[in-house]
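*Asks:*
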Ligand code: KIV
Ligand code: ZN
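Numbering (the working numbering), first residue to last: -10 to 537.
#1: Which runs of the beta strand (DSSP E) spanning at least 3 residues fall entirely within the segment 384 to 433, listed in chain order?
#2: If you draw a straight line from the alpha carbon of residue 137 to that of residue 363, how long is it in whole angstroms?
#3: Mapping DSSP to helix, strand and coil, what is residue 193?
#4: In angstroms with no decimal places, state the Cα-to-Cα distance between residue 149 and residue 156.
#5: Alpha carbon to alpha carbon, what distance is there between residue 330 and residue -5?
#6: Using a threshold of 6 Å, is the CB atom of residue 23 nearer than that to any non-hydrogen atom of the ligand ZN?
#7: Which of helix, strand or coil does DSSP assign to residue 486?
#8: For residue 481, write down the residues that DSSP places opposite it in a beta bridge.
#9: For a minimum of 3 consecutive residues, which ranges assigned as the beta strand (DSSP E) are wholly contained in the segment 44 to 94?
#10: If I measure Cβ to Cβ from residue 482 and keep anything under 6 Å in the same chain, skipping five residues before and after, which residues do I get?
#11: On the DSSP letters alone, give me the boundaries of the beta strand (DSSP E) that residue 176 sits inside.
#12: In or out: residue 258 buried (at least 16 other Cβ within 10 Å) or exposed?
#13: Compare the Cα-Cα distances from residue 74 to each of 190, 306, 51 and 386 and report the closest residue.
#14: Cβ of residue 53 versus every heavy atom of the ligand KIV: is any distance shorter than 6 Å?
#15: For residue 180, is the beta carbon positioned less than 6 Å from some heavy atom of the ligand KIV?
#16: Could you check if residue 148 belongs to the surroundings of the ligand KIV, using beta carbon to heavy atom distance under 6 Å?
#17: With a threshold of 6 Å (Cβ to nearest heavy atom), would residue 108 be considered close to the ligand KIV?
#18: Within its chain, find whatever has a CB closer than 7 Å to the CB of residue 112; leave out the 5 residues flanking it on each side and keep chain order.
#19: Nearest to residue 487 by alpha carbon, out of 355, 33, 19 and 22?
#20: With distances taken from CA atoms, which of 372, 351, 340 and 411 is nearest residue 381?
#21: Does the beta carbon of residue 213 fall short of 6 Å from some heavy atom of the ligand KIV?
#22: Hey, out of 365, 389, 191 and 222, whose CA is closest to residue 284's CA?
#23: Starting from the C-beta of residue 130, find all residues in its chain whose C-beta is less than 8 Å away, skip the five residues before and the five after it, and write them out in chain order.
#24: Would a C-beta distance cut-off of 7 Å place residue 20 and residue 240 closer than the cut-off?
#25: Restricting to Cα atoms, I'd like to know which of 434, 177, 423 and 62 is closest to residue 410.
#26: Taking Cβ to Cβ, would you say residue 365 is nearer than 7 Å to residue 345?
#27: From residue 507 to residue 43, what does the alpha carbon distance come to, in whole angstroms?
#28: Cutting at 8 Å between CB atoms, please list the residues of its own chain near residue 446, excluding the five before and the five after it.
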C-alpha cells in the first residue's frame, strides 16, 4: 500500500517524508449550508444536529451550520450546533445587510466558538447587474459589515462573492480593507466554478504577495470552489499550493448546481499524495469518511454516484480480470488507497432476529452514528419488527431504520394502514388510513392512474397538501427475495422542491411512506414559519434571502 500509515494517528506521529514541517490546512465544511442548498436536500433539525456531531468527530475545523436570516430552521440550527459543539468553530452566513448580521449574531449567542461569515459580490458582472453598485461602495459596505459582525464575535470571515472573476487589483483592495476592519479569514470563492487550477492558485499567491499583513497577522486565506467544470478539488489543491490555509468543502461534494469541492476527495488527495503535497496536513480522521458519506447521503436523499471518487460503491471494485490478477499478487498494482483507511467496513456483518440491542448499538457506532439511549430503544424496536419479516438485516437496512427514526421529529402524519386494488382492466383504487400528530385517525379513498397514483391522491385528500410529483424511484436496498424496497420521491410545493424517502418490504407501502415524509417536511417548514412570525414579528418571516 502506498498509503500504509495508520489513518487515525495524530499528525505529529505521522511526519511528512523527509521530516518536513507540516502546515495545517483548516477544513471548513459547508454541507449544512451550501450543501443543503442542493435542490430538494432540506434537512430537519435533528438531522442537522446529527450531521454536525459527526462532522466534529470527523475532525472538521469549521462547520458552517446555516444562513440564519433565511429561515427559522437555519437560525435554530446555527444556535443549537454552536452551543453543543465545543471544539469546532461554528459559522453562520450573512449578507452585508445589517439585519442579516444581527440575526447571525443573535443565533450564535452562547456558542462556544462562533464565527460570522459575511459575503458581498465583487466581480464586475455582479457589481453592474446584481448589486448595481460601484466597487468603492461595495468596499464601504463590506468594511461596515465586518465591523458590525465584530461587535458580536471575534472571528469574522469575509467572502468577496465571485472572487475568482474579480479584477485582481480589486480583490487585493477589498481584502486589505476587510482585514483592516477586523476580518480574520478572507475566503476567495470560485462561486460559479469558472476558474482553472493555475489561475485560481495564482490568485492566492498574488494576494499574499501584495499583502504582507496576511502572513504577519496570521490571517487565513480560504478557497471555496464550485464544481461546474469538474475542477473544484483540483482548484482547491491549487489554492493550497498558492497559500490558502483553509479549504471549504462538503461531504460527497453536494451543493448548489454541480456542487462544491468534495471534502473526502480533497483530504484523500493530500493524504495519498503526501509525497507531493509534502508539507500539508489536515486534522481529518479519515476512517470516519465513509460512514459520514453514507449518513449524509441517506439523510439528504442525494445518492452518491457509483463511480464517485473515494466513497462511490465502485471506488474499490475491480472488475477486469487483469486487474483482479494484479490485485491478488499485490494490491498496490491497482489500489492507491486502502479502503479501510476511509472506513469502508472490512466485512459485512449481518444481524438477525437473535441479535441483541447491544450488538445493534455496536454496529450503529461502527456505521458512524451516536445515539442516545431513547433513540436506540426506538431503533431497536424497528429493527426487531424488520428482523421478524426479513432473515438477514444488513448495514443498509440499519441505515434505513436510522433514517426513518431521525425523521420522527417531523412525522406529523403517519401511515396506519392502506389497501389497494389494481390490475389489468381495473380502475386502481386505494383506501388510506393516516394518523395525525394528535393521534386522530383519518380515512379516505381515491381512484388513480395505477395503485401509487391512487394512494397519493388519497393522501392529498386527507392531509390537504397539494403537491406535484416530479420524481419517483424505487430500488431494493439489499439483495434477496425479502429485500427492503426504498422509494424516493421529489415533489414540488409552490416554488419549493422537497424530497421524501420511505422503506418497506412492500414496495407500495414504501412509496406511500416516501410521499408522506415529503408532505411532513412541507408541513414542518410551514409550522416553523408560522411560529417564527408569531415569535419575532416580521424579523424571521422574511423567507429565504437571495441565496449565494
Ligand atoms: O459560492 C459562494 O460564493 C458562496 C459564498 C457565500 C462563499 O457560497
Ligand atoms: Zn458556494
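We put the beta carbon where it would ideally sit given N, CA and C, even for glycine.
*Replies:* Walking through what the data contain:
#1: 403 to 410 and 417 to 424
#2: Sequence index remark: in the chain shown, residue 137 carries index 148 (1-based). Sequence index remark: in the chain shown, residue 363 carries index 374 (1-based). When rounded, the distance between both Cα atoms is 42 Å.
#3: Indexing the chain shown from 1 puts residue 193 at position 204. In the structure shown, residue 193 sits in a helix (DSSP, three-state: H, G or I).
#4: Sequence index remark: in the chain shown, residue 149 carries index 160 (1-based). Sequence index remark: in the chain shown, residue 156 carries index 167 (1-based). Each residue's alpha carbon lies about 11 Å from the other.
#5: To locate residue -5, count along the chain shown from 1; it is residue 6. To locate residue 330, count along the chain shown from 1; it is residue 341. Its pLDDT being 40, under 50, residue -5 is placed unreliably by the model, and nothing is read from it.
#6: The sequence position of residue 23 within the chain shown is 34, counting from 1. Checking the Cβ of residue 23 against the ligand ZN gives yes.
#7: Locating residue 486 in the chain shown gives position 497, counting from the first residue. Of the three classes helix, strand and coil, the one that applies to residue 486 here is strand, per DSSP.
#8: Sequence index remark: in the chain shown, residue 481 carries index 492 (1-based). In DSSP, residue 481 forms a bridge with 457 and 486.
#9: 51 to 55 and 78 to 84
#10: On the chain shown, residue 482 is found 493 positions in, with the first residue counted as 1. Around residue 482: 456 and 511.
#11: The residue given as residue 176 occupies position 187 in the chain shown. Segment 174 to 179, the beta strand (DSSP E) holding residue 176.
#12: The residue given as residue 258 occupies position 269 in the chain shown. Counting Cβ neighbours within 10 Å, residue 258 comes out buried, since at least 16 surround it.
#13: Position 85 of the chain shown, counted from the first residue, corresponds to residue 74. Selected option, being the one with the closest Cα: 51.
#14: For the purposes of this step, residue 53 is taken as the residue at position 64 of the chain shown. Not so, every heavy atom of the ligand KIV lies at least 6 Å from the Cβ.
#15: The sequence position of residue 180 within the chain shown is 191, counting from 1. Correct: residue 180 has its Cβ closer than 6 Å to the ligand KIV.
#16: For the purposes of this step, residue 148 is taken as the residue at position 159 of the chain shown. Answer for residue 148: yes, Cβ within range of the ligand KIV.
#17: Start at 1 with the first residue of the chain shown, and residue 108 comes out as number 119. At least one heavy atom of the ligand KIV is nearer than 6 Å to the Cβ of residue 108, so yes.
#18: Translated into positions along the chain shown, residue 112 becomes position 123. Contacts found: 151, 154 and 155.
#19: The count along the chain shown starts at 1 and reaches residue 487 at position 498. The shortest C-alpha separation from residue 487 is found at 33.
#20: Taking the first residue of the chain shown as position 1, residue 381 is located at position 392. Here the closest residue by C-alpha is 340.
#21: Translated into the one-based positions of the chain shown, residue 213 becomes position 224. Checking every heavy atom of the ligand KIV against the Cβ of residue 213, one is found closer than 6 Å.
#22: The count along the chain shown starts at 1 and reaches residue 284 at position 295. Residue 389 is the option with its Cα nearest to residue 284.
#23: What you label residue 130 is simply residue 141 of the chain shown in a count that begins at 1. If we look at residue 130 and ignore the five residues flanking it on each side, its Cβ neighbours are 85, 109 and 122.
#24: Residue numbering aside, residue 20 sits at position 31 when the chain shown is read from its first letter. Residue numbering aside, residue 240 sits at position 251 when the chain shown is read from its first letter. Yes.
#25: Within the chain shown, residue 410 is the residue found at index 421, counting from 1. The candidate whose alpha carbon is nearest that of residue 410 is 434.
#26: Residue mapping note: residue 365 aligns to position 376 of the chain shown, counting from 1. Residue mapping note: residue 345 aligns to position 356 of the chain shown, counting from 1. Cβ atoms of residue 365 and residue 345: not closer than 7 Å.
#27: The residue given as residue 507 occupies position 518 in the chain shown. The residue given as residue 43 occupies position 54 in the chain shown. So the alpha carbons of these two residues sit roughly 25 Å apart.
#28: What you label residue 446 is simply residue 457 of the chain shown in a count that begins at 1. Answer for residue 446: 419, 435, 436 and 437, listed in chain order.
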